[in-house]
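Report on the following structure.
Protein chains in written order, with the numbering used here: chain A, 20 to 326; chain B, 92 to 422.
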């Protein structure tokens with residue numbers, strides 16, 4: 020067989036193959052690809068565990084509100100003369116809106132990041148544990164796409180969790196305490212509408228403060244096939260960092276702890292707003308998201324899926 | 092049939108020519124996986140699954156079947172060697188190949204807190220090439236095909252193992268596929284369910300879908316498969332058409348007689364090869380000529396024949412002959 024013959028035959032067969040393939044080419048529609056995100060949201064928010072976490076978060080403002088109401092029933096101010104307790108707690112009796120800030124300040128150090136750590140830690144490890152990960156990947160979900168979807172869903176949970184705290188606090192505050200104009204930390208007065216806007220802004224900043232933990236949890240989630248182990252590790256890391264952040268001898272490291280600038284959200288209640296801590300916080304969260312997001316991607320896209 | 096034993100099926104020892112990846116639906120060349128612990132799970136596998144075949148993938152537990160399937164599905168990166176599925180390299184082309192492949196790997200894994208229907212909706216949504224407009228209809232059709240329509244609204248954690256297995260199959264059938272990879276599909280099913288699955292596999296195969304079926308049940312492979320491969324301890328022992336494989340340990344002529352010496356001599360004269368005498372049985376390869384003539388020759392020579400017949404060999408005999416061990420021994 021001459022070379023020309025061979026090449027023409029090869030060409031013909033490759034053409035036949037190409038046309039056969041073209042007939043059944045299945046293209047990924049860019050809109051259809053969002054179907055996984057929708058499915059992921061539905062799956063996450065339909066789980067009892069997610070609902071239980073949100074329920075606990077919703078209960079915190081109720082507890083704080085009721086406690087303040089009882090304590091100040093005799094006319095004294097909440098938080099005592101020393102001004103202890105979470106930020107803004109002494110102002111709640113004057114204005115229920117402050118319960119939003121107090122509740123966020125009370126849940127941000129532990130309850131909120133713990134809930135995010137549970138959801139993020141379980142994101143991939145839980146699927147691996149249940150065996151569903153292999154079926155998602157042969158569907159094929161695509162590893163990068165699945166990882167991005169998981170991260171987007173955890174971020175959606177960060178926002179949902181924060182809003183649950185804020186809305187619950189607003190409802191309890193409106194129910195138990197008067198509403199109206201409020202005094203900022205700087206002593207100026209702003210209207211109730213402006214106050215609501217600030218409250219929403221603060222909720223968004225608090226949600227954004229959790230993106231670092233979310234990326235960290237997702238990275239841990241790529242390391243193991245046990246959802247419980249990933250959740251425990253993430254929550255353990257969170258607690259460790261919080262403790263280290265309290266040790267003065269480690270002050271050189273403090274600016275690199277993801278939780279270090281968390282409470283800077285209170286600066287949104289100043290007039291004018293102090294942006295320094297806020298931007299440092301958001302920058303640090305972006306750094307954590309980039310570093311641990313890349314690590315998670317590097318790990319997950321090359322990992323042997325044996326579960 | 093006389094030639095079949097001469098050519099025989101391919102053995103792992105003989106290097107096949109490099110084959111164009113377009114020839115088979117699944118083609119692996121020197122596919123090898125060594126896990127981090129140093130354990131060699133799959134060792135130089137050369138597998139070719141012809142298009143349109145029902146391909147049985149046999150081997151005891153721990154022989155490397157599942158590792159091979161995971162490499163074919165892009166879940167595990169091979170240590171060396173290549174794997175082509177539908178003519179494309181894996182795992183590189185996973186996103187182009189896998190929408191046309193349905194798979195049931197190492198048992199079903201539904202989300203327990205979702206209903207059977209919602210499980211399928213989720214798996215279908217994971218495929219970016221699946222049209223969401225036809226999703227509900229396709230899910231309903233898949234549920235119907237495996238007989239789960241009545242239980243579609245129940246939470247999957249309430250399903251029996253057999254129902255979960257059916258749900259897994261339904262997920263593999265959400266769209267028309269060119270290749271179905273079914274790892275132990277009848278596990279946990281009752282005999283009626285097993286029959287249904289076999290019927291389903293035959294139906295799919297007659298539609299032109301290639302079915303890659305791993306099983307440890309030899310009679311199951313024998314009943315539904317056109318081709319088969321046998322693995323043991325990570326190596327491919329043999330592969331080929333099921334008829335040829337069984338022919339490798341083809342039926343033997345068995346003559347039961349007290350006059351074994353004479354019988355053996357006559358049988359050799361009659362052109363029977365590989366004559367073996369054991370107690371009162373003389374066995375040999377089935378000759379090409381009519382067995383009635385062989386019998387007449389025996390009787391003419393004064394051999395007292397108690398019985399004469401052909402014992403059919405099963406795939407199990409072939410397997411034992413190839414591996415030299417029982418099938419259920421872990422590798």
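Each residue gets a CB set at the ideal place from its N, CA and C atoms; glycine is no exception.
Everything numeric in this text was worked out from a predicted model, so none of it was measured.
Where the alpha helix (DSSP H) containing residue i begins and where it ends
{"i": "residue 151 of chain A", "result": "151 to 157"}
{"i": "residue 80 of chain A", "result": "67 to 90"}
{"i": "residue 192 of chain A", "result": "162 to 195"}
{"i": "residue 200 of chain B", "result": "Neither: residue 200 of chain B is in no alpha helix (DSSP H) and is coded neither H nor E."}
{"i": "residue 207 of chain B", "result": "207 to 216"}
{"i": "residue 310 of chain B", "result": "309 to 315"}
Residue i versus the options, residue with shortest Cα-Cα distance
{"i": "residue 240 of chain A", "options": "A/291, A/293, A/87, A/165", "result": "A/165"}
{"i": "residue 388 of chain B", "options": "B/402, B/370, B/362, B/142", "result": "B/362"}
{"i": "residue 64 of chain A", "options": "A/291, A/286, A/138", "result": "A/138"}
{"i": "residue 205 of chain B", "options": "B/249, B/313, B/141", "result": "B/249"}
{"i": "residue 275 of chain B", "options": "B/289, B/246, B/232, B/269", "result": "B/289"}
{"i": "residue 56 of chain B", "options": "B/145, B/190, B/214", "result": "This structure cannot settle anything about residue 56 of chain B, because the visible part of chain B is limited to 92 through 422."}
{"i": "residue 58 of chain A", "options": "B/343, B/183, B/218", "result": "B/218"}
{"i": "residue 205 of chain A", "options": "A/175, A/79, A/107, A/310", "result": "A/107"}
{"i": "residue 55 of chain A", "options": "A/169, A/324, A/183", "result": "A/169"}
{"i": "residue 122 of chain A", "options": "A/190, A/246, A/146", "result": "A/190"}
{"i": "residue 327 of chain B", "options": "B/117, B/116, B/122, B/115", "result": "B/122"}
{"i": "residue 220 of chain B", "options": "B/192, B/240, B/239", "result": "B/192"}
{"i": "residue 313 of chain A", "options": "A/115, A/83, A/235, A/75", "result": "A/235"}
{"i": "residue 284 of chain A", "options": "A/75, A/132, A/296", "result": "A/296"}
{"i": "residue 118 of chain B", "options": "B/175, B/230, B/207, B/127", "result": "B/175"}
{"i": "residue 259 of chain A", "options": "A/246, A/232, A/238", "result": "A/232"}
{"i": "residue 178 of chain B", "options": "B/239, B/116, B/222, B/232", "result": "B/116"}
{"i": "residue 288 of chain A", "options": "A/267, A/119, A/155", "result": "A/119"}
{"i": "residue 323 of chain B", "options": "B/125, B/212, B/133, B/126", "result": "B/133"}
{"i": "residue 170 of chain B", "options": "B/209, B/128, B/207", "result": "B/128"}
{"i": "residue 308 of chain B", "options": "B/285, B/167, B/251", "result": "B/285"}
{"i": "residue 141 of chain B", "options": "B/402, B/269, B/182, B/287", "result": "B/269"}
{"i": "residue 70 of chain A", "options": "A/319, A/322, A/176", "result": "A/176"}
{"i": "residue 161 of chain A", "options": "A/326, A/325, A/321", "result": "A/321"}
{"i": "residue 152 of chain A", "options": "A/92, A/136, A/210, A/245", "result": "A/245"}
{"i": "residue 319 of chain B", "options": "B/130, B/147, B/360", "result": "B/147"}
{"i": "residue 261 of chain A", "options": "A/75, A/128, A/208", "result": "A/128"}
{"i": "residue 225 of chain A", "options": "A/282, A/290, A/324, A/186", "result": "A/282"}
{"i": "residue 401 of chain B", "options": "B/391, B/384, B/374", "result": "B/374"}
{"i": "residue 61 of chain A", "options": "B/242, B/251, B/216, B/143", "result": "B/216"}
{"i": "residue 378 of chain B", "options": "B/262, B/390, B/359, B/214", "result": "B/359"}
Strand pairing of residue i, partner residues [DSSP]
{"i": "residue 255 of chain B", "result": "Partner(s): none; residue 255 of chain B has no beta bridge."}
{"i": "residue 209 of chain A", "result": "A/201"}
{"i": "residue 119 of chain A", "result": "Per DSSP, none; premise fails for residue 119 of chain A."}
{"i": "residue 109 of chain A", "result": "Paired residue(s): none; residue 109 of chain A is not in a bridge."}
{"i": "residue 174 of chain B", "result": "B/119, B/181"}
{"i": "residue 147 of chain A", "result": "According to DSSP, which records beta bridges pairwise, residue 147 of chain A is partnered with nothing at all."}
{"i": "residue 194 of chain B", "result": "B/272"}
{"i": "residue 124 of chain B", "result": "B/133"}
{"i": "residue 228 of chain A", "result": "DSSP, once it has assigned bridges, lists no residue as partnering residue 228 of chain A."}
{"i": "residue 313 of chain A", "result": "According to DSSP, residue 313 of chain A bridges with nothing at all."}
Where the beta strand (DSSP E) through residue i begins and ends
{"i": "residue 52 of chain A", "result": "No beta strand (DSSP E) contains residue 52 of chain A, which DSSP labels as neither H nor E."}
{"i": "residue 323 of chain B", "result": "318 to 323"}
Cβ-heavy atom distance, residue i to the ligand MG, below 7 Å
{"i": "residue 71 of chain A", "result": "The ligand MG is not among the ligands present in this structure, which contains no ligands whatsoever."}
TODO: Please go through the segment 231 to 287 of chain A and give each complete alpha helix (DSSP H) segment of 4 or more residues, from N-terminal end onward.
DONE: Within the segment 231 to 287 of chain A, the runs of alpha helix (DSSP H) at least 4 residues long that lie entirely inside it are, in chain order, 246 to 263.
Task: beta strand (DSSP E) segments (min. 3 residues) lying fully within the segment 128 to 155 of chain B - done: If one requires a minimum length of 3 residues, the beta strand (DSSP E) runs lying completely within the segment 128 to 155 of chain B are 131 to 141, 145 to 149, in chain order.
Task: Contact the segment 186 to 197 of chain A vs the segment 269 to 289 of chain A: 3+ CB pairs below 8 Å - done: Short answer: they don't touch.
Task: Entirely enclosed alpha helix (DSSP H) segments - the segment 327 to 409 of chain B, minimum 4 residues - done: The segment 327 to 409 of chain B contains these whole alpha helix (DSSP H) runs: 333 to 339, 351 to 360, 382 to 391.
Open item on the list: Just to confirm the assignment: which complete alpha helix (DSSP H) runs, minimum length 4, are found wholly within the segment 258 to 305 of chain B?
Closed with: Within the segment 258 to 305 of chain B, the alpha helix (DSSP H) runs of at least 4 residues that lie entirely inside it are, in chain order, 282 to 297.
Open item on the list: For a minimum of 4 consecutive residues, which ranges assigned as the alpha helix (DSSP H) are wholly contained in the segment 218 to 250 of chain B?
Closed with: Here the runs fully enclosed are 226 to 236.
TODO: Could you tell me whether the segment 152 to 167 of chain B touches the segment 195 to 214 of chain B, using the rule of 3 or more Cβ pairs below 8 Å?
DONE: Segments in contact, yes.
Open item on the list: Check whether the segment 360 to 374 of chain B and the segment 326 to 333 of chain B are in contact - that is, three or more C-beta pairs closer than 8 Å.
Closed with: With the cut-off at 8 Å, the segment 360 to 374 of chain B and the segment 326 to 333 of chain B do not touch.
TODO: Say whether the segment 213 to 224 of chain A touches the segment 138 to 158 of chain A, bearing in mind that this needs 3 or more beta-carbon pairs closer than 8 Å, one atom from each stretch.
DONE: Because the criterion of three Cβ pairs below 8 Å is not met, the segment 213 to 224 of chain A and the segment 138 to 158 of chain A do not touch.
Open item on the list: I'd like to know if the segment 345 to 353 of chain B and the segment 378 to 398 of chain B are in contact, where contact means that at least 3 CB-CB pairs between them fall below 8 Å.
Closed with: Contact holds: three or more Cβ-Cβ distances are below 8 Å.
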